[in-house]
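A.B. asks: Submitted below is the structure of interest, expressed as structure tokens.
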Amino acid sequence: MTAPFVSAPAIQLRGAVKTYGTAHSAVHALRGVSLTVRRGELVAIVGASGSGKSTLMNVLALLDDVNRGSYRLDGVDVRHRTEDELAEIRNSRIGLVFQAFNLLPGSSALRNVELPLVYSGVRRAERERRALEVLEMVGLDRRAHHLPAELSGGEQQRVAVARAVVNDPAIVLADEPTGNLDTVASGSVLGVLRRLNGQGRTVVVITHEHDVAAFASRVVEMRDGRIVADRPQSVSAAPSCTGAGGRTA
Ligand code: ADP
Ligand code: MG
1 MTAPFVSAPA IQLRGAVKTY GTAHSAVHAL RGVSLTVRRG ELVAIVGASG SGKSTLMNVL
61 ALLDDVNRGS YRLDGVDVRH RTEDELAEIR NSRIGLVFQA FNLLPGSSAL RNVELPLVYS
121 GVRRAERERR ALEVLEMVGL DRRAHHLPAE LSGGEQQRVA VARAVVNDPA IVLADEPTGN
181 LDTVASGSVL GVLRRLNGQG RTVVVITHEH DVAAFASRVV EMRDGRIVAD RPQSVSAAPS
241 CTGAGGRTA
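Quick look at the structure:
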């Protein structure tokens with residue numbers, strides 16, 4: 001990927017309102033959230049459990065629609081689209097990582113990473129080449145033929161990150177990708193996400209306050225369905241373990 005202009009917005013969410021349930025039992029998950037993320041930014045979203053982080057992420061990922069508000073992705077209005085259109089935008093532009101790795105247990109790391117390319121109709125030799133390339137980027141090319149159960153948690157999550165970017169998305173969204181990992185493994189996963197950002201990708205990660213110090217250049221804090229803080233942060237140090245070098249985590 002070539003480096004994009006940092007000034008162009010990748011994500012423009014305006015006045016997003018999301019309410020679950022009925023009028024009697026309404027849960028106000030988003031109470032008017034506006035967020036602009038520019039291309040090439042690395043943003044951490046923090047906040048207590050139930051503050052609306054996952055709801056926001058699902059909206060940004062086009063997995064869920066808001067009740068009110070506008071959403072532009074790369075300058076294009078993405079509300080009021082058909083499911084097919086949304087799937088096409090997701091597949092071509094967005095890489096998603098969740099807390100659970102969601103790898104197919106009976107398939108090798110390589111086959112798991114290839115999967116999105118199968119759906120895109122890419123031929124086998126090309127699939128393998130591209131899957132190996134991203135596995136190398138996350139430091140796991142030598143584990144390509146291992147099953148998920150033969151990998152550590154941190155390695156499994158890095159396979160999941162490789163799978164998320166094998167289609168070369170401009171935007172990577174991750175919802176607590178380190179939630180199931182110990183400190184060392186968390187560092188290796190956050191290191192990979194930083195590297196993806198270094199390649200010019202826009203990265204938005206829901207994570208814990210204690211993880212962001214050496215990680216994100218911008219921290220957005222949510223509370224009770226609202227953004228209550230949005231602060232720049234100087235990244236003090238590289239994470240201890242940065243993927244390619246961190247084969248053990
Ligand atoms: P976080 O990720 O910050 O923990 P969530 O976005 O998951 O917060 O949840 C925000 C609020 O919305 C919570 O009160 C949660 O219980 C509620 N909520 C989330 N998803 C649903 C749903 N599908 N149906 C009903 N309520 C939901
Ligand atoms: Mg959540």
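Take the sequence shown: its letters are residues 1 to 249, numbered as in this note's numbering.
Built from N, CA and C at the ideal position, the CB exists for glycine as well.
#1: Determine the DSSP secondary structure at Q12, reduced to helix, strand or coil.
#2: Within 7 Å of any Cβ in chain C, is that where the Cβ of A170 sits?
#3: Could you tell me which of F98, V97, A61 sits nearest to E83, measuring between CA atoms?
#4: Please look up how many angstroms separate the CB atoms of A160 and I206, rounded, as I've assumed it's under 8 Å.
#5: Restricting to runs no shorter than 4 residues, where is the alpha helix (DSSP H) found entirely within the region 87–174?
#6: Write down the C-beta distance between D65 and R79 rounded to the nearest angstrom, noting that I regard them as a contact closer than 8 Å.
#7: Kindly indicate which three-state DSSP category D84 falls into: helix, strand or coil?
#8: Please state whether the Cβ-Cβ distance between P148 and L103 is less than 7 Å.
#9: Any heavy atom of the ligand MG within a distance shorter than 6 Å of the CB on S54?
#10: Is it right to say D211 is buried, meaning 16 or more other beta carbons lie within 10 angstroms of its own, or is it exposed?
#11: In the DSSP output, what is S234 paired with across the bridge?
#12: Measure the CB-CB distance between A109 and V138 and report whether it falls below 7 Å.
#13: For the ligand ADP, I want to know if A144 counts as a neighbour, meaning its beta carbon is within less than 6 Å of at least one of the ligand's heavy atoms.
#14: Just checking my contact of G32 with R226 at CB under 8 Å: how many whole Å lie between their CB atoms?
#15: So, for A244: in the same chain, excluding its five sequence neighbours on each side, which residues have a beta-carbon less than 6 Å away from its beta-carbon?
#16: With the cut-off set at 7 Å, would you say N180 and G154 are in Cβ contact?
#17: Following a CB-centred definition, is Y20 positioned closer than 6 Å to any heavy atom of the ligand ADP?
#18: Going by DSSP, which residues form a beta bridge with T202?
#19: Hey, out of S54, I11, G95, whose CA is closest to R158's CA?
#20: How far does the alpha helix (DSSP H) with V212 in it extend, from its first residue to its last?
#21: Let me confirm a value: A125 is counted as buried when at least 16 other C-beta atoms fall within 10 Å, else exposed. Which label applies?
#22: Would P232 be called buried (16 or more neighbouring beta carbons within 10 Å of its own) or exposed?
#23: Please report how far the alpha carbon of G15 lies from the alpha carbon of D224, in whole angstroms.
#24: Is it true that the CB of V166 sits closer than 7 Å to the CB of V267?
#25: Express the C-alpha separation of Y71 and L86 in angstroms, rounding to a whole number.
C.D. replies: The relevant details are as follows:
#1: strand
#2: No chain C is present in this structure, which holds just one protein chain.
#3: A61
#4: That pair is no contact at about 15 Å.
#5: Entirely contained in the region 87–174, the alpha helix (DSSP H) runs reaching 4 residues are, in chain order, 109–119, 124–137, 153–165.
#6: 7 Å
#7: helix
#8: The Cβ atoms of P148 and L103 lie closer than 7 Å to each other.
#9: yes
#10: buried
#11: For S234, which the question treats as bridged, DSSP gives no partner whatsoever.
#12: no
#13: no
#14: 7 Å
#15: Bear in mind that a pLDDT of 39 at A244, under 50, signals an unreliable position, so the number given afterwards is only what the model happens to contain. G139, listed in sequence order.
#16: no
#17: Y20: yes, Cβ under 6 Å from the ligand ADP.
#18: I171
#19: Nearest in C-alpha terms to R158, of all of S54, I11, G95, is G95.
#20: Taken as a continuous stretch (DSSP letters only), the alpha helix (DSSP H) holding V212 covers 209–212.
#21: Per the 10 Å Cβ criterion, exposed.
#22: exposed
#23: 15 Å
#24: Because the chain is modelled from 1 through 249, residue 267 falls outside the range shown and cannot be assessed.
#25: 13 Å
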